[in-house]
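So the structure is just underneath, and the comments pick up after that.
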Amino acid sequence: MTHSPRHYSRLDQFFIRVDEALRTLNGKTTIAARAYPAEHLPEADLSPAEKKHIAGLMRVNQAGEVSAQALYHGQGMVSRVASVKQQMRAAAEEEGDHLAWCNRRLAELNSQSSLMNPLWYAGSFLIGVAAGAVSDKCSLGFVAETETQVVNHLQRHLNMLPEKDKKTAKILQQMQADEARHHADASAAGAIELPAIVKKLMRLTSKIMVKTAYWL
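Residue 102 in the numbering used here is what sits at position 102 of the sequence shown, and the numbering runs on without skipping anything.
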C-alpha cells in the first residue's frame, strides 16, 4: 500500500520553520549523525591566550554553520523541484553535523556561541528564501558560491591555528572536505554563476560576521 506525500498548510509550514530555527540556535539540541572527527585526539597543552584565540575562530565557524542551516532551510522552503529540495535537505543535515562539532569544540574550550546567532540566522534565512524565489538554479548558485568562500575561509583558519592543536584542525579539515563536496554537488545540479557584485556583497557580509563573531 502506498501513501501520498503529506501536504502541510501554511500554518504547519510556519511552525516547522520556527522549530528548525529554535533547534539550530539551541546548541544543546543539535546532535551530529556522524562521529566527532577529533574524538580520539588528545587535547594539546594550550595557553589561556591560545584557547581564547581558538575559541574565537570556532565561534566564527559556529556562526557560519548557523547561517548555513538558515540558508538551506530558506531555500528548501521555496524550492520548486523535488530533487533540489532533497539536495538542500541532505546538505543541511551535514551542516548540522558541523554545527554540533563546533558546539562541542567550544564547550571543550570553555567558551560559548556567538550572541549574534539569531541575527545571522534571520538574515541568511531571508537570503535563502529570496534566492530560491528567483529560481532553483539561482538558489544552487548561492550554495556553490557560499561553499567556495567557506572552503577558503576554513583554510585561513587552519593556517591561523597553533600547530599543536590537532583537535580543531581535524574538525576544520572534515568540514572543509564536506563544503567542497557541497559546492561540487550544487554545480553539477545546474547552479548558475552569480553576478560579480553579488559575490562581492557576500564576501563583505562574511567579513562583518567574522569580525563580530570572533569577539561576540
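C-beta atoms are modelled at their ideal positions from N, C-alpha and C, and glycine is treated no differently.
Practice problem: Compute the Euclidean distance between the alpha carbons of I65 and E95, then round it to the nearest angstrom. | Solution: Note on identity: in this sequence residue 65 is Glu, with Ile being the wrong assignment. Cα-Cα distance, rounded: 6 Å.
Quiz item: For the alpha helix (DSSP H) that contains V129, what are its first and last residues?
Solution: Annotation: the continuous alpha helix (DSSP H) that includes V129 extends over 117–134.
Practice problem: Assuming A55 and H182 form a contact by the criterion Cβ under 8 Å, report the distance between their Cβ atoms to the nearest whole angstrom. | Solution: The pair is not a contact, with the Cβ atoms about 26 Å apart (cut-off 8 Å).
Practice problem: Assuming A38 contacts K167 (C-beta within less than 8 Å), just tell me the rounded distance between them. | Solution: That pair is a contact at about 4 Å.
Self-check item: Ranges of the alpha helix (DSSP H) found wholly within the stretch 135–183, counting only runs of at least 4
Solution: Runs found: 136–160.
Quiz item: A131 to F142, Cα distance in whole Å?
Solution: If you draw a straight line from the Cα of A131 to the Cα of F142, it comes to about 7 Å.
Quiz prompt | 8 Å CB neighbourhood of L161 in its chain, flanking five on each side removed | solution = If you ignore the 5 residues before and after L161, its C-beta comes within less than 8 Å of the C-beta of I54, L57, T168, A169, L172, all in its own chain and listed in chain order.
Self-check item: The alpha helix (DSSP H) enclosing E108, as first and last residue numbers
Solution: Where E108 is concerned, the enclosing alpha helix (DSSP H) starts and stops at 82–108.
Exercise. Compute the distance between the beta-carbons of L119 and A186, then report whether it is under 8 Å.
Key: When the beta-carbon positions are compared, L119 and A186 stay at least 8 Å from each other.
Quiz item: Are the beta-carbon atoms belonging to S114 and Q149 less than 8 Å from one another?
Solution: In this structure, Q149 does not lie closer than 8 Å to S114 by Cβ.
Practice problem: Express the C-alpha separation of E147 and P195 in angstroms, rounding to a whole number. | Solution: Taking the straight line joining both Cα atoms gives about 16 Å.
Quiz item: Which stretch, first to last residue, makes up the alpha helix (DSSP H) that contains N61?
Solution: Where N61 is concerned, the enclosing alpha helix (DSSP H) stretches over 48–78.
Quiz item: Does the distance from the C-beta atom of A100 to that of A32 stay below 8 Å?
Solution: Yes, the pair counts as a contact, with Cβ atoms nearer than the cut-off.
Self-check item: Beta-carbon proximity check, G74 vs V129, cutoff 8 Å
Solution: The Cβ-Cβ distance between G74 and V129 falls below 8 Å.
Self-check item: As assigned by DSSP and simplified to three states, the class of P5
Solution: Low per-residue confidence applies at P5: pLDDT is 46, beneath 50, and the placement is therefore not dependable, though the value from the model is reported in the following sentence. DSSP, read as helix, strand or coil, puts P5 in coil.
Quiz item: Nearest-angstrom Cα distance between T2 and V81?
Solution: With a pLDDT of 43 at T2, under the threshold of 50, the modelled position of that residue is not reliable, and the figure given next carries that caveat. T2 and V81: Cα-Cα distance of roughly 22 Å.
Quiz item: Could you give the distance in angstroms between the alpha-carbon of A52 and the alpha-carbon of S135?
Solution: Correcting the residue type first, residue 52 is Lys in the shown sequence and not Ala. As the crow flies, the alpha-carbon of K52 is around 42 Å from that of S135.
Self-check item: Residue from I208, Q176, K164 with nearest C-alpha to E43
Solution: When each option's Cα is compared against that of E43, the closest is K164.
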